[in-house]
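A quick write-up on the structure given underneath.
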Ligand code: CO
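Residue numbers (this note's numbering): 4 to 219.
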């Protein structure tokens with residue numbers, strides 16, 4: 004019963020929200036319907052506690068969003084590749100942000116070597132991050148700190164995965180954007196942490212092996 008009531012309430016709340024927005028600005032929906040012009044592409048975790056617009060303080064129309072378990076950028080995932088392509092080539096976003104969060108269930112699951120059925124191939128991408136940074140992570144004896152560090156390193160590796168994409172490299176070469184940034188959100192305090200990834204340095208490093216701006 005409770006869930007049915009809360010389901011019904013969604014539509015009641017929606018009507019109230021529409022009225023409130025129209026009161027504030029009668030053209031709110033008319034303007035939004037015309038076009039979107041976001042400067043940011045946000046790639047985050049599906050976790051219900053991490054809401055892109057809200058934590059960034061941005062209104063509808065200001066951020067293009069993609070979310071999946073553990074904020075992954077996987078080379079064979081047509082979904083995220085399409086999102087990035089559209090954001091770069093059609094929306095001309097200025098920043099692509101990969102935002103992880105401390106307390107991420109996907110990252111935690113990947114830290115335990117267990118069979119998790121259909122989740123195995125997805126989580127393997129996080130496990131691969133662990134393997135890449137095995138020495139650093141294994142040297143952290145406190146398990147909570149090791150978990151936090153894997154969350155950060157996972158964001159870093161996903162930023163590199165964004166930088167490996169041809170459209171991103173070509174757009175940056177031609178126009179000077181998008182830049183790529185890595186953030187971690189703290190569930191316990193609501194604070195966003197910028198990992199201060201040096202975009203130009205990482206781009207140069209990535210392009211040593213994955214320079215896709217040149218034709219054959
Ligand atoms: Co998560």
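Just so you know, even glycine gets a beta-carbon here, dropped at the ideal spot from N, CA and C.
Which same chain residues end up closer than 8 Å to residue 214 when comparing Cβ atoms and leaving out the 5 residues on each side of it in sequence? Only 172 meet the Cβ criterion.
Within a Cβ cutoff of 6 Å, which residues of the same chain sit near residue 82, ignoring the five residues on either side of it in sequence? none
Are residue 190 and residue 69 touching if we call contact CB-CB under 7 Å? Not closer than 7 Å, so no.
May I have the straight-line CA-CA distance separating residue 37 from residue 28, to the nearest angstrom? 15 Å
Closest Cβ-Cβ distance between residue 165 and chain D: below 7 Å? The displayed structure is made up of one protein chain only, and chain D is not part of it.
Does the contact criterion of 3 or more C-beta pairs under 8 Å hold for the region 49 to 59 versus the region 91 to 108? A contact exists between the region 49 to 59 and the region 91 to 108.
By the 10 Å Cβ neighbour count, where 16 or more other Cβ atoms means buried, how is residue 168 classified, buried or exposed? The residue is buried, with at least 16 neighbouring Cβ atoms inside 10 Å.
Proximity below 7 Å, CB of residue 101 to CB of residue 73: no
Assuming the contact rule is C-beta atoms closer than 8 Å, residue 2 and residue 198 should be a hit. Round their C-beta distance to whole Å, please. Given a span of 4 to 219 for the chain in the structure shown, any question on residue 2 remains unanswerable.
Is any heavy atom in ligand 1 found nearer than 6 Å to the beta carbon of residue 109? Yes; taking the cut-off as 6 Å, the Cβ of residue 109 has a heavy atom of ligand 1 nearer than that.
Beta-carbon proximity of residue 208 to residue 98, cut-off 7 Å: no
Those runs of the beta strand (DSSP E) which lie wholly inside the region 33 to 76 and span at least 3 residues: 43 to 48, 66 to 71
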